[in-house]
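I have placed the structure first, in the form of structure tokens, so that the comments after it can refer back to it.
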Amino acid sequence: MSAFTTAIVPAAGLGTRFLPTTKAVPKELLPVVDTPGIELVATEAAEAGATKLVIVTSPGKDAVAQYFRPQPELEQTLAERGKTDLVAKVRRAPELLQVETAIQDKALGLGHAVGCAEGNLTGADEAVAVLLPDDLVLPTGVLTRMAQVRERFGGTVLCAFDIPREQISAYGVFDVRETGDDDVKQVVGMVEKPKAEDAPSTFAAAGRYLLDRAIFDALKRITPGAGGELQLTDAIALLINEGHPVHVVVHRGGRHDLGNPGGFLKAAVDFALEHPDYGPELAQWLRGRLSGS
Ligand code: G1P
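With the first letter of the sequence shown counted as 1, position 259 gets the number 259 in the UniProt record's numbering; the numbers rise by one all the way through.
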């Protein structure tokens with residue numbers, strides 16, 4: 001049995017770093033080459049065993065959930081024109097998993113956003129995955145490793161990246177103990193966005209969480225933390241203090257931050273360079289552009 005079947009994607013933010021585009025288009029639908037970031041994240045969740053995706057959204061961002069609904073008329077038009085490859089592309093998102101929405105009507109923080117999805121769970125959800133759509137973790141597969149760690153240790157399992165200390169204050173940071181496996185560490189404390197000199201390690205939360213259901217009770221007991229927001233980090237720290245087992249899988253692969261235009265562009269270029277239609281010409285153009293010719 002899979003360790004989780006429900007994945008939560010918080011997607012209620014205003015996308016201020018992408019204004020003015022996000023006046024009309026939600027950030028999660030911006031295309032990495034031709035595919036919205038949220039489809040990449042939903043695909044990762046489905047590959048790890050999720051059958052249900054709860055998108056936490058805000059009023060006015062219906063387009064995000066709409067993207068996952070079938071479009072039979074479009075499919076028919078494309079089919080009549082013999083565009084079977086495009087039909088397959090259009091069908092991909094609706095066929096991935098069952099999509100539901102939860103509404104977060106106030107921007108009270110990531111912890112609050114995750115808590116908004118509690119009503120979408122069933123009695124069978126002993127643990128849930130949370131994927132932050134700003135974070136692409138590459139190659140995919142870390143959630144499967146996290147599920148194996150939950151099977152071994154129980155409790156909650158997160159994904160960690162080893163981040164340069166000068167960047168650490170942008171993240172939730174783990175205080176860790178060794179387990180004997182270099183890629184799996186026990187978490188004995190967690191702090192959101194500490195100053196570099198106060199950070200307990202350089203292992204940072206990287207937008208993938210496998211949370212025991214106990215998190216929803218902890219989320220009701222936290223008070224506003226860093227930035228005045230209800231932080232998921234603080235609910236995890238509360239569970240740790242109460243003796244709940246928390247571990248991290250250290251991911252040693254790559255990562256893109258889709259949350260700002262600079263990071264988004266790197267992801268788009270990275271994916272485009274791998275694309276058979278666009279990669280070779282883009283590489284050639286980039287070489288010329290960078291050499292000033
Ligand atoms: C959130 C989390 C933080 C985590 C980060 C990963 O912060 O609060 O703990 O390290 O995502 O991207 P945000 O980037 O939303 O400020």
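All residues carry an ideal CB built from backbone N, CA and C; glycine is no exception.
All values derive from a computational prediction rather than experimental measurement.
From residue i to residue j, what does the alpha carbon distance come to, in whole angstroms?
i, j, result
"L286", "A214", "49 Å"
"R208", "G37", "15 Å"
"E178", "G292", "49 Å"
"Q167", "A196", "8 Å"
"L74", "L258", "28 Å"
"F271", "E242", "42 Å"
"Q98", "G288", "45 Å"
"P245", "K185", "11 Å"
"K89", "G82", "14 Å"
"V142", "V249", "8 Å"
"V54", "P276", "33 Å"
"E118", "L132", "17 Å"
"M1", "A283", "Only weak support exists for where M1 lies, its pLDDT of 49 falling under 50; the value from the coordinates is given anyway. Computed Cα separation, rounded: 44 Å."
"A63", "D198", "41 Å"
"A147", "A226", "29 Å"
"T144", "D234", "25 Å"
"T51", "I103", "20 Å"
"residue 295", "R252", "Here the chain covers residues 1 to 293 and nothing more, so residue 295 does not appear."
"D105", "S58", "6 Å"
"L232", "L14", "19 Å"
"A237", "T16", "29 Å"
"F18", "V56", "19 Å"
"T22", "G180", "46 Å"
"E28", "P20", "14 Å"
"K266", "E274", "13 Å"
"D134", "R69", "22 Å"
"V130", "F216", "12 Å"
Answer yes or no: do residue i and residue j have a C-beta to C-beta separation smaller than 8 Å?
i, j, result
"I240", "G279", "no"
"A206", "F161", "yes"
"K61", "P31", "no"
"T101", "I163", "no"
"V222", "G49", "Residue identity check: residue 222 is Ile in the sequence provided, not Val. Cβ distance not < 8 Å, so I222 and G49 don't count as in contact."
"R152", "A3", "no"
"L108", "E229", "yes"
"R255", "L121", "no"
"P10", "A124", "no"
"A204", "Y171", "yes"
"T6", "V157", "no"
"E39", "T140", "no"
"M67", "A46", "The amino acid at residue 67 is misidentified as Met; the sequence shows Tyr. No; because the gap between Cβ atoms is not below 8 Å, this pair is not in contact."
"G155", "D212", "yes"
"V87", "A268", "no"
"P194", "S169", "yes"
"H247", "V191", "no"
"L78", "A42", "no"
For a test of the three-state rule: what should DSSP assign to residue i, helix, strand or coil?
i, result
"Q104", "coil"
"T223", "coil"
"M1", "Caution is warranted here: a pLDDT of 49 is assigned to M1, below 50, making its placement in the model unreliable, and the coordinate value is therefore given only provisionally. DSSP places M1 in coil when its eight states are reduced to three."
"A268", "helix"
"P26", "coil"
"H112", "helix"
"L136", "strand"
"L14", "coil"
"T6", "strand"
"T122", "coil"
"L19", "coil"
"A127", "strand"
"L258", "coil"
"A147", "helix"
"A160", "strand"
"A283", "helix"
"residue 302", "Outside the shown range of the chain (1 to 293) lies residue 302, about which nothing can therefore be said."
"G154", "coil"
"G288", "helix"
key: Every unbroken beta strand (DSSP E) inside the stretch 28–100 [3 residues or more]   = Complete beta strand (DSSP E) runs here, min 3: 52–57.
task = Identify every run of the beta strand (DSSP E) within the stretch 165–253, keeping only runs that are complete inside it and at least 3 residues long; order them along the chain.
result = With a minimum length of 3 residues, the unbroken runs of beta strand (DSSP E) contained wholly in the stretch 165–253 fall at 172–178, 184–192, 203–212, 246–250.
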